[in-house]
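Novice:
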Amino acid sequence: MKKEFLYAALAAAMAVSLAGCSGGSGGTETTAAATEAQTEAETEAEDTGETEAAAGDTAEKAPEDYTGTVVVYSPHDADPLNDGVNMFMEKYPNVKVEVVAAGTGELCNRIQAESANPIADVLWGGGADSLAAFKDYFEPYVCANDEYIDEAFKDPDDKWIGESPLPMVIFYNKTLLEEAGLEPPASWEDCLKPEFKGQIAYCLPSKSGSAYTQLCTMILGHGGKEEGWDFITELYKNLDGKIVDSSGKCHKMVADGEFMIGLTIEKSAVQYADDPDVGFCYPSDGTSAVPDGVSLVKGCPNEENAKLFIDFVTSKECQEAQSQKWGRRPVRNDMEVAEGMLPLNELNLVDYDFDWAATEKEAIIEHFNDIMVEN
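Under numbering that gives the first Met the number 0, the residue at position 245 of the sequence shown is numbered 244, and the numbers go up by one with no gaps.
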């Protein structure tokens, strides 16, 4: 797909209505003095084979001119999810947002099951590797902010757009560790220590996109796609049969003192920056920074509003709010990371294989489930 062509068309289409998202402004000139400039612009469009007739109508829309509904499926935590949705509705007051919140795996399976008669318009959130596994149910879309998002954070076929890179971290309860006379973990390998047996919060990878990314990250960082399973087997044994049913609970249960350590996402850990009883580390033996993605559902009933929502959540306006308020790392290359986060170039990142994680997801989860049964 030629992204330059699509971006040009979309930028023209959204220039006024998405001024807050893409920096565009203004309307269609109609005065006699503007006739010559308008004719030149139309001639240039014809020379490049582009037609802007439809885009012209869209460009005249003000935010309040957008009406109707957009249905958003999202696995995001309640606070950043609600904040982002409320910001969108403040900007587009006549568009109603209906939210369905659940885990990434559950939502992707639901989109697949509803594919003959889609209900969702947008999937906002979930690791890009999980979205890639269901890309047949998403429609290609190049958002209005495409130029500010590096290629590494976009699907080659435009089926998903990264909206927040998510390094995986190990979260720990300092008080519990001190009481037990233990040092904080510094690596995934530390999670195999016998003193942490039964004290690790980890979610089922079939339930959570982040837990699935953590699983793949640990496999790839400890011997690769074959030998890495030996590490996962030992890790599961050290979980001592305790599996959390929601990734959102992992950091909360550690902070509440129910577990010593937990496998979670950077964005969750940094929310506790002012809590002296907890801390986190970027695993020294390799983490990943798979982005949360946003996707346009194929055949969705409210496509125009869905694209509007995708443009909004990738806008600087929304990305700044999500970063400052909720510690979400921005995907845009024109923004800095929030305090408490390390730049990606300072992390030891594994060579994350998106294709493998996406195409083999069912087999990988089945292998993990087999380990649970056998141990």
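For every residue, glycine included, the Cβ atom is placed at its ideal position computed from N, Cα and C.
How many angstroms separate the CA atom of Ala8 from the CA atom of Asp156?
Specialist: Residue confidence for Ala8 is low, a pLDDT of 36 falling below 50, so the modelled location carries little weight; the figure read from the coordinates is stated next. C-alpha separation (whole angstroms): 17 Å.
Novice: In terms of residues, what are the limits of the beta strand (DSSP E) holding Trp355?
Specialist: Taken as a continuous stretch (DSSP letters only), Trp355 belongs to no beta strand (DSSP E), being part of the alpha helix (DSSP H) at 353-358.
Novice: Of the residues Pro329, Ala356, Glu361, which one's Cα is nearest the Cα of Phe152?
Specialist: It is Pro329.
Novice: What is the rounded straight-line gap between the Cα of Asn368 and the Cα of His221?
Specialist: Answer to the nearest angstrom: the Cα atoms are 19 Å apart.
Novice: When the Cα atoms are used, what is the spatial distance from Arg331 to Tyr147?
Specialist: Distance between the alpha carbons of Arg331 and Tyr147: 5 Å.
Novice: Out of Asn172, Met371, Glu63, state which residue places its alpha-carbon closest to the alpha-carbon of Val199.
Specialist: In the sequence on display, residue 199 carries Ile and not Val. Per the Cα distances, Asn172.
Novice: Just to confirm before moving on: does the CB-CB distance between Leu181 and Glu162 stay below 8 Å?
Specialist: Not closer than 8 Å, so no.
Novice: Using the three-state DSSP reduction, which class does Glu113 fall into: helix, strand or coil?
Specialist: Correct three-state label for Glu113: coil.
Novice: Does DSSP classify Ala200 as helix, strand or coil?
Specialist: Strand.
Novice: According to DSSP, what are the bridge partners of Tyr171?
Specialist: The partner list for Tyr171 (beta bridge, DSSP) reads Ile260, Gly278.
Novice: What does a CB cutoff of less than 8 Å around Thr232 pick up in its chain, not counting 5 residues either side in sequence?
Specialist: Ile370, Asn374.
Novice: Report, in whole angstroms, the separation of the C-beta atoms of Ile160 and Thr313, which I expect to be a contact under 8 Å.
Specialist: That pair is a contact at about 6 Å.
Novice: Quick test of the definition: if touching needs 3 or more C-beta pairs under 8 Å, does the stretch 87-100 touch the stretch 255-267?
Specialist: No, because fewer than three Cβ pairs between the stretch 87-100 and the stretch 255-267 fall closer than 8 Å, the two stretches do not touch.
Novice: Considering only residues of the same chain and omitting the five flanking positions on each side of Ala33, which have a CB-CB separation below 7 Å?
Specialist: For Ala33, the pLDDT reaches just 36, beneath the cut-off of 50, and the residue's location in the model is therefore unreliable, leaving the point undetermined.
Novice: Measuring alpha carbon to alpha carbon, tell me which of Gly67, Phe133, Asn85 ends up nearest Leu295.
Specialist: Looking at the Cα atoms, Phe133 is the closest of the given residues.
Novice: From Glu359 to Phe87, what does the alpha carbon distance come to, in whole angstroms?
Specialist: Using only the alpha carbons, I get a separation of about 35 Å.
Novice: Do you know whose CA, among Ala61, Ala356, Val372, Lys60, lies nearest Tyr211's CA?
Specialist: Here the closest residue by C-alpha is Ala356.
Novice: Going by CA-CA distance only, name the one from Ala272, Ile218, Lys158, Gly240 that's closest to Phe230.
Specialist: Among Ala272, Ile218, Lys158, Gly240, the Cα nearest to that of Phe230 is on Ile218.
Novice: DSSP beta-bridge partners for Leu122?
Specialist: Its beta-bridge partners are Tyr72, Ser294.
Novice: Here's the rule I'm using: 16 or more other beta-carbon atoms within 10 Å means buried, otherwise exposed. How should Pro275 be labelled?
Specialist: Pro275 is exposed by the Cβ-count criterion.
Novice: Pull up the distance between the alpha-carbon of Asp255 and that of Ala272, whole angstroms please.
Specialist: Cα-Cα distance, rounded: 15 Å.
Novice: In the structure shown, what three-state DSSP assignment does Glu226 receive?
Specialist: Note: Glu226 maps to helix in three-state DSSP.
Novice: So, helix, strand or coil for Lys315, using DSSP?
Specialist: Looking at Lys315 - three-state DSSP - the assignment turns out to be helix.
Novice: Pick helix, strand or coil for Ser283, following the three-state DSSP scheme.
Specialist: Coil.
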